[in-house]
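Trainee: Next up is a structure, given as structure tokens.
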Amino acid sequence: MIFIYSGWVAWIIVVIVMLAKPLSILFRSFFVKIMPHRQWLGILLSILVIVHAVVFTANIGYELFFLESSYWDFTKYSGWGGLAFIVMIPLLITSNKTSMRLLKRNWKRVQQLAYIFFVAAGIHIYLANGQWYYTLLPIGIWLILYIVAIIKLRVSKKK
Ligand code: HEM
């Protein structure tokens, strides 16, 4: 149960964190308030993903599943979950003010891994349970909002 719940709560937080940016550009008000909380939400969801992965490892008798080539199969949920986990590590490590100061402009580049994390985690869950409306739909909505938000920013810059 912890295994399933931690995965789902992590996914809900990912969706909120990812949607916050385009929604705050497009509608401001409530969504702007979420923006300063993205750092600790990111840390919380990473902890939940770690719990999800650790409980899975415990369930299979602490086998080093990620060393087996069959795990890295991208036609199955496993490869995508592993990819999401890997890109999550630099995101988690650099999710603090010291890293922001040290990495300067590169910090933003590292943070762009969040897009890969979002899509890989979404595909992982979709392939695990087949419910596209909880996974592929939020990714699609995010993509549309993101494009519209970029257009809005460009238009307002030109004015
Ligand atoms: C190395 C990393 C990961 C491992 C080993 C892993 C393992 C698994 C496994 C084995 C399942 C299938 C469960 C089943 O159908 O019985 C699963 C499903 C799931 N995973 Fe992961 N996962 C990883 C990464 C992630 C990430 C990054 C997220 C979310 C941010 C996530 C969220 C979920 C969710 C929500 C499910 C669906 C549970 C359901 O069937 O309702 N997982 N995971």
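Residue numbers for the sequence shown follow our numbering, beginning at 2 and rising by one. Even for Gly, the Cβ is constructed at its ideal location relative to N, Cα and C. Quick caveat, the model's predicted, so the values are computed rather than measured.
Under 6 Å: does the beta carbon of residue 57 sit that close to some heavy atom of ligand 1?
Mentor: Correct: residue 57 has its Cβ closer than 6 Å to ligand 1.
Trainee: Going by DSSP in three states, residue 95 sits in which element: helix, strand or coil?
Mentor: In this structure, residue 95 counts as coil in the three-state DSSP scheme.
Trainee: Relative to the alpha-carbon of residue 113, which residue among 4, 55, 88 has its alpha-carbon at the smallest distance?
Mentor: The shortest C-alpha separation from residue 113 is found at 88.
Trainee: So, do the stretch 58–72 and the stretch 27–44 have three or more beta carbon pairs nearer to each other than 8 Å?
Mentor: Segments in contact, no.
Trainee: When the distance is taken between beta carbons, is residue 37 closer than 7 Å to residue 146?
Mentor: Cβ distance not < 7 Å, so residue 146 and residue 37 don't count as in contact.
Trainee: Which residues in the same chain have their Cβ closer than 7 Å to the Cβ of residue 137, if we skip the five residues on either side of it in sequence?
Mentor: Answer for residue 137: 123, 127, listed in chain order.
Trainee: Looking at C-alpha atoms only, which residue of 17, 56, 18, 144 is the closest neighbour of residue 3?
Mentor: The candidate whose alpha carbon is nearest that of residue 3 is 56.
Trainee: Return the first residue and the last residue of the alpha helix (DSSP H) that residue 2 is part of.
Mentor: Residue 2 -> no alpha helix (DSSP H), and no H or E assigned at all.
Trainee: Quick one, which of 86, 132, 47 has its alpha-carbon nearest residue 11's?
Mentor: Here the closest residue by C-alpha is 47.
Trainee: Count the other C-beta atoms from every protein chain shown that fall within 10 angstroms of the C-beta of residue 141, then say buried if there are 16 or more, exposed otherwise.
Mentor: It counts as exposed.
Trainee: Could you give the distance in angstroms between the alpha-carbon of residue 78 and the alpha-carbon of residue 121?
Mentor: Approximately 9 Å between the Cα atoms of the pair.
Trainee: Look at residue 143 and residue 20 and say whether their C-beta atoms are less than 7 Å apart.
Mentor: For residue 143 and residue 20, yes; Cβs fall inside 7 Å.
Trainee: So, helix, strand or coil for residue 78, using DSSP?
Mentor: Helix at residue 78.
Trainee: Just to confirm my understanding: we take residue 43, look at its own chain, exclude 5 residues before and 5 after, and list those with CB closer than 6 Å. What are they?
Mentor: For residue 43, where only same-chain residues beyond five positions count, the Cβ hits under 6 Å are 96.
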